[in-house]
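In the numbering used here, the protein residues as written are 1 to 121.
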């Protein structure tokens, strides 16, 4: 399941993880990660964490494209890996989504630009 990374209903869970644990690595597998499960129904991640919060820069693998074979190949070749973000950086974005692929400039927009929140209220 990857929905915990983004949906607002998992925001408290993400904040707890960010504040209390430390991501070591994550493989964001998306759909078609397992040949036995077809279609877009199951979109998943696999992750390893430390049982404490440390100032660590984890490695994320974005393997959401392709079939099971392509995902394995990309993982082995370390294609689409991201290891430039500290997990505390996720807190810079409202709702703390696990948006590991965003660069520093994009994350900075959330700190310096106005949001649409006043418009919706």
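Yeah, the Cβ is synthetic: ideal placement off N, Cα and C, and Gly gets one too.
Keep in mind the model is a prediction, meaning the values are calculated, not measured.
| query | result |
| --- | --- |
| Give the single residue among 76, 51 and 3 whose Cα lies nearest to the Cα of residue 63. | 76 |
| Do residue 5 and residue 22 come within 8 Å of each other at the CB atom, strictly closer than that value? | no |
| How is the alpha helix (DSSP H) around residue 108 delimited, first residue to last? | 104–112 |
| Can you list, in chain order, the residues of its chain with a C-beta nearer than 6 Å to that of residue 32? Leave out the 5 residues immediately preceding and following it. | 67 |
| Give me, in chain order, the residues of the same chain whose beta-carbon lies closer than 6 Å to that of residue 46; leave out the 5 immediate sequence neighbours on both sides. | 27 |
| Take residue 91 and list the residues in its own chain whose beta-carbon comes closer than 8 Å to its own, dropping the five residues that flank it on each side. | 15 and 18 |
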